[in-house]
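Using our numbering, count along the sequence shown one by one with no gaps and you end on 1105.
Every residue, glycine too, gets a C-beta built ideally from N, C-alpha and C.
Note that the structure is a prediction, hence the values are computed from the model and not measured.
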Amino acid sequence: MAVSFATALAGLTAHAIGIDAVGNNLANLNTSGYKASTVAFRDLVTQSIGVGNEAGLGTSLPRTTRHFTQGSVQSSTGAMDAAIKGDGFFIVRSPSQNTTAYTRAGNFQVDRDGFLIMPTGDRVQGWSERDGVLNTNQPTSDVTIPTGALQRPAATTLMFFDMNLDAAAEQGATFSTPIEVFDSLGVSHVLVVEFERVSPTAWDFRIFINGEDLDPPQTDLVLIYESDGSSQLQFDNQGVLTQPLGGVTGITNTGVDGGPLLSGAADLDIEWQFESPNGQPRFTQYAHPSAVSGNGQNGNPAAQLVKIAMEDGGVVVAQFSNGQTRQVAQVALAGIRNPESLRAIGNNLFQVSSATALPAIGRPDTGGRGQVLGGALESSNVDIAKEFTNLIVYQRGYQANSRMVVTADEISQETINLKR
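This is the structure in structure tokens:
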């Protein structure tokens, strides 16, 4: 009879563990990135006295296994939220214990010190911008965000125009267009470029700067660059630019009649690009009114950080008050071949066990790692219908084993009564 009691007790314990697993799954139905657990039952054989005569002792403690199947990805309102689509884990570090953990939950935020963290305070690992460079070939570290920082000014070093000069214009006709550039202190200067038709296939050009920007200030536009004939814009009979090709260097505020900048910044040193990156001329000469279709330059003034957001690919992008954006951080992912071997430590975090393969750390969507979607969260992979079905099965199993205890108790009472 002791065997009957032991068998029933093992069954009660096993099914109670199953009910606990279902309860935990249902409790985390709406937990971002949560992975459901299932229970695997195993029987016990105490002795064998020949084929077909094995004596059993019920079930052993069941094994609880996490299933890392993909949860649905839902859009969210958190600026720093991120969801993994595919394999991989976010990497986080506990600053108090200096231990590494892994998670699928991407509900991140930025703390007062500028660290990208989980709600638990664990710091997300990846790469951060250093001196204007985001280098993902370096080892990972705590991701830091330059909250409230000023974007440093950048002096203009190149500029371009996409434009047409009128082939029907008379000789001596002129056309002017402005462009805003910036010095090393972020001060804005407007350069005026003037084109003059000198032959059917050639245009001279001159560049002026506002005299008030110079030291000493002057009241009129000041000539700082003048074509010398060899650097004219020259076109063929199809209206295609033939000279100059490449860039024209040496555009500076000190040229010709200019002088130092009143702001005290370094002298301008700008390259004018006459070709697009694919080698196509940016100028044409067709019988159509002279006009600029686009221009650009690479300088910027100092600007205040106004917004940060997680974008697709796990890239953290900063937006500044001047409208410019800059990538300031990159979140890393860890690819783990056997995630079922990870050890749960709570708060939706996992740590490696002795059976876990070495995590492969790198950028998302590389090396078999999944994609990272910004402004989204991965829902739990709990199947509520399956969980309620399992709950009924485990409940019935628990009831059956409890009846076994009652039956074994009744048989024991009958055995005791034989002595009376």
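Residue i: CB within 7 Å of a non-hydrogen atom of the ligand COA
i: G1008; result: As far as ligands go, the structure on display features none, and thus does not contain the ligand COA.
Run of the beta strand (DSSP E) containing residue i, from where it starts to where it stops
i: E960; result: Where E960 is concerned, there is no enclosing beta strand (DSSP E), given that its DSSP letter is neither H nor E.
i: E879; result: 873-884
i: I936; result: 932-936
i: G811; result: 808-813
i: K720; result: Taken as a continuous stretch (DSSP letters only), K720 belongs to no beta strand (DSSP E), as it is neither H nor E.
i: E865; result: 859-867
i: Q748; result: Position check: residue 748 holds Arg in this sequence, whereas Gln was assumed. Looking at the DSSP string, the run of the beta strand (DSSP E) that includes R748 is 748-751.
i: F775; result: 774-778
i: M995; result: 988-996
i: E1063; result: 1061-1063
i: T785; result: 785-788
i: Q928; result: 926-928
i: L1034; result: 1034-1036
i: Q759; result: 758-760
i: G1020; result: 1018-1020
i: L918; result: 918-920
Whether residue i touches residue j by CB criterion (8 Å)
i: Q759; j: A1070; result: no
i: N879; j: S873; result: For the record, residue 879 in the displayed sequence is Glu; it is not Asn. Not a contact, by the Cβ cut-off of 8 Å.
i: T698; j: L746; result: yes
i: P863; j: L876; result: yes
i: F920; j: L906; result: no
i: G817; j: V828; result: no
i: P780; j: P986; result: no
i: D772; j: N792; result: no
i: F860; j: S975; result: yes
i: T841; j: Q1036; result: no
i: E1025; j: R751; result: yes
i: Q958; j: F845; result: yes
i: G696; j: M1089; result: yes
i: A852; j: Q970; result: yes
i: I909; j: G949; result: no
i: Y719; j: N1023; result: no
i: A764; j: A994; result: yes
i: L930; j: F968; result: no
i: G1031; j: H700; result: no
6 Å Cβ shell around residue i - same chain, five flanking residues per side excluded
i: E956; result: L843, G932, T934
i: I641; result: Lying before the first or after the last residue shown, residue 641 is absent from the chain, which here runs from 686 to 1105.
i: A1064; result: Inspection of the sequence shows that residue 1064 is occupied by Ser rather than by Ala. G756, S757, Q759.
i: R1011; result: A1003
i: W888; result: L850, F880, R882, L918
i: Q903; result: G896
i: S912; result: D889, F890
i: A768; result: V758, G791, L1058, A1061, L1062, E1063
i: G984; result: A839, A840, T841, V866, F867
Nearest-angstrom beta carbon gap, residue j and residue i [assumed within contact, 8 Å]
i: V1016; j: V809; result: 6 Å
i: S884; j: Q928; result: Not quite, the Cβ-Cβ distance comes to about 13 Å (not below 8 Å), so this is no contact.
i: A725; j: N710; result: Not a contact, Cβ separation roughly 15 Å.
i: V777; j: D798; result: Contact flag wrong, Cβ pair sits at about 16 Å.
i: A706; j: T754; result: So it is not a contact: roughly 16 Å between Cβ atoms.
i: V1067; j: N713; result: 7 Å
i: G998; j: R1054; result: G998 to R1054, Cβ: 11 Å. No contact.
i: G1047; j: L1018; result: 7 Å
i: P1049; j: V1057; result: 4 Å
i: P831; j: V1013; result: 6 Å
7 Å CB neighbourhood of residue i in its chain, flanking five on each side removed
i: G979; result: D847
i: S1006; result: A988, Q989, V991
i: S761; result: G1060, A1061, L1062
i: A834; result: L990
i: E960; result: L930, G931, P966, R967
Min CB distance residue i to chain B below 8 Å
i: I894; result: Structure shown: chain B not included; a single protein chain is present.
Bridge partner(s) assigned by DSSP for residue i
i: M848; result: F968, V977
i: R1011; result: A1003
i: E1025; result: Bridge partners of E1025: none, in fact.
i: E911; result: R891
i: N985; result: A839
i: D827; result: Q810
i: A768; result: L1058
i: Q794; result: I802
i: S1045; result: The residue asked about is misnamed: residue 1045 is Ala in this sequence, not Ser. Answer is G1020.
i: V818; result: R815
i: I955; result: I936
i: L946; result: L899
i: L697; result: DSSP lists no partner for L697.
i: L906; result: N895
Same chain only: Cβ atoms within 8 Å of residue i, ignoring 5 sequence neighbours per side
i: L946; result: D868, V872, H874, D898, L899, D900, N938, D952, L953
i: G1052; result: G1020, A1045
i: I702; result: V724, L746, P747, T749
i: N922; result: T886
i: T825; result: I776, Q810, G811, W812, A1017, I1046
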